[in-house]
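Remarks on the structure that follows.
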Amino acid sequence: MTTQAAGAEISPRLRQARTALLVSFLLQGVTFALLVTRIPGIQRQYGLSDGSLTIFLAAVPILAGVGSISSEQIVKRTTPRSVLRIVQPAVCLTLVGVGLGHSLWALALALAAFGLLVGALDASMNMLGVGLQHRYGRSIMLGFHAAFSAGGIIGALLASGGAHLSLIALFGSCVAVLVPAALITGHFLAGPSELGHAVEEAVAAAARSIPWKPLLPLCAAMAVAYIADSTVSNWSAKYLTETLHSGDRVGALGYAGYMVALLIGRTVGDRWVQRFGAVLVVACGAAVAALGFGIAALAPAPWVAIAGFTVLGIGICAVIPQVFAAGGRLFPDDSDAAVARLNLFNYVGFLVGSPLVGAIAAVSSFRWALLAPMLLVLAVVPLAGHFAPAERQPLALDHASSRV
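Here is the structure:
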């Protein structure tokens, strides 16, 4: 068994590998934020209509899903570290491709590469994270995603500060730092000698058969949370610049405020749950998130909308971690399998959210478009009861003579 025994000392090499993975998540947060906060500039450079932009944005998560599935097959022949060391610098370089081109085919190629590579990056980073978590013997995954949020803040601020630059100047200067940082970090990531069979154990656990029905309310909450997330990441900058007539510098701050709220929430969210209970935290969080959408949709000025997106982040930050926690409570012996099922609805949310908001905005306005995710987020409130601690769910294989 490779899982670190509770209370056992963690080796310096494992701590080093954990730090390296935290840096990888942070670098990915910077890269992603640089791209999404400059969507208005990308649209102008390539002369995209709103309808064409919606199609391009919808294609990225589809390709990310393909990249994620493909990477799982590649990992079987190599290691997650090997995939991550190659893919992360390549993801950074796709920003240069976006910044250099001016024709639609060039943008299509750059975004297709970004989607495929970011899916592989997401899968390999989380595989390493799960493997390290098994070795640590306690939950450490939230810290990695907090690092992504911190990177998102840095990336959004860089985009805001470089709003006067051309896309290639901004992306090129950032990539000149990101690629060497990714290459250096890759040397310190965990490999087979540190993880042993921890990744394989996690994959095997995730493959166990568990029933869907108890998870469906949590799946719905996860999808809605990521619809909200994709709305901010894909459309906040465009809403601020076009509807509220801010400059690109201010337009990048909607995403920055949202990520600041996520980082704070992911830091203190466990304390909220311990004090008030998961049901109340999720219900209130969903209501606060809907309020944030409402503030943004009715905002008379850019700074009010930025405040709305920040309020949205404060509300939604608790929902996603508590979805995973509730799934783990339902199936304590097969929590990895439950988490794997629930994580699928991350992609569902992105596939629905971006086209939904873009389509509504195309036929009306972004103010009306923001009301759609607002109503969907409110639907999480009656689902909050499913986040209460519950007795474990019996599995058919519990009574079998052997387990997979």
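Quick note on the numbering used here: the sequence shown kicks off at 1432 and runs consecutively. Glycine residues also receive a C-beta, built at the ideal position from the N, C-alpha and C atoms. It should be emphasised that the depicted structure is a prediction, and the values quoted were computed from it without experimental measurement.
Closest residue to residue i among the options (Cα-Cα distance)
{"i": "C1605", "options": "L1647, P1648, C1523, A1594", "result": "C1523"}
{"i": "M1805", "options": "P1763, A1815, F1740", "result": "F1740"}
{"i": "Q1519", "options": "I1473, F1463, Q1476", "result": "F1463"}
{"i": "E1673", "options": "E1440, G1472, G1498, T1525", "result": "G1472"}
{"i": "L1512", "options": "L1452, F1707, L1542, Y1477", "result": "According to the sequence shown, residue 1512 is Arg rather than Leu. It is L1452 whose Cα lies nearest to the Cα of R1512."}
{"i": "W1536", "options": "Y1477, I1747, V1497", "result": "Y1477"}
{"i": "G1586", "options": "F1456, T1510, R1446", "result": "F1456"}
{"i": "S1785", "options": "A1489, R1469, Q1474, M1572", "result": "A1489"}
{"i": "P1813", "options": "I1751, A1651, S1591", "result": "A1651"}
Where the alpha helix (DSSP H) containing residue i begins and where it ends
{"i": "A1721", "result": "1709–1729"}
{"i": "W1799", "result": "1797–1809"}
{"i": "Y1567", "result": "1535–1567"}
{"i": "V1606", "result": "1598–1617"}
{"i": "H1676", "result": "From DSSP, H1676 is part of no alpha helix (DSSP H); its letter is neither H nor E."}
{"i": "A1442", "result": "Reading off the sequence, residue 1442 comes out as Ser, not Ala. Segment: none, S1442 is in no alpha helix (DSSP H) and carries neither H nor E."}
{"i": "I1571", "result": "I1571 -> no alpha helix (DSSP H), and no H or E assigned at all."}
Own chain residues within Cβ distance below 6 angstroms of residue i, not counting five before or after
{"i": "A1495", "result": "G1546, V1549, G1550"}
{"i": "D1829", "result": "Low local confidence applies: a pLDDT of 37 at D1829 is under 50, so the model's placement there is unreliable, and no value is given."}
{"i": "M1653", "result": "V1754, L1773, F1776"}
{"i": "A1792", "result": "A1800"}
{"i": "S1591", "result": "R1680, A1683, L1684"}
{"i": "V1704", "result": "V1712"}
Own chain partners of residue i with C-beta closer than 8 angstroms, once the 5 adjacent residues on each side are dropped
{"i": "S1501", "result": "L1547, G1550, A1551"}
{"i": "F1487", "result": "L1479, L1538, A1539, L1542"}
{"i": "L1458", "result": "Q1519, C1523, G1582, L1609, A1612, A1613, T1616"}
Contact check, residue i vs residue j, beta carbons under 8 angstroms
{"i": "L1787", "j": "P1645", "result": "no"}
{"i": "L1559", "j": "L1515", "result": "yes"}
{"i": "A1544", "j": "G1528", "result": "yes"}
{"i": "V1754", "j": "L1588", "result": "no"}
{"i": "V1712", "j": "A1769", "result": "no"}
{"i": "D1679", "j": "A1581", "result": "no"}
{"i": "V1811", "j": "V1655", "result": "yes"}
{"i": "Y1864", "j": "G1780", "result": "A query on residue 1864 cannot be resolved here, the shown segment of the chain reaching from 1432 to 1835 and no further."}
{"i": "I1493", "j": "L1782", "result": "yes"}
{"i": "F1602", "j": "L1807", "result": "no"}
Same chain only: Cβ atoms within 7 angstroms of residue i, ignoring 5 sequence neighbours per side
{"i": "L1671", "result": "S1677, V1681, G1682, G1685, P1733, A1736"}
{"i": "I1745", "result": "A1692, G1696, V1719"}
{"i": "M1432", "result": "At M1432 the pLDDT is 39, less than 50, meaning the model places this residue with poor confidence and gives no usable figure here."}
Worksheet item: Is the stretch 1479–1488 touching the stretch 1576–1583 in the sense that three or more CB pairs, one from each, lie closer than 8 angstroms?
Response: The stretch 1576–1583 vs the stretch 1479–1488: no contact.
Item to complete: Could you tell me whether the stretch 1601–1618 touches the stretch 1724–1731, using the rule of 3 or more Cβ pairs below 8 angstroms?
Response: No: fewer than three Cβ pairs fall under 8 angstroms.
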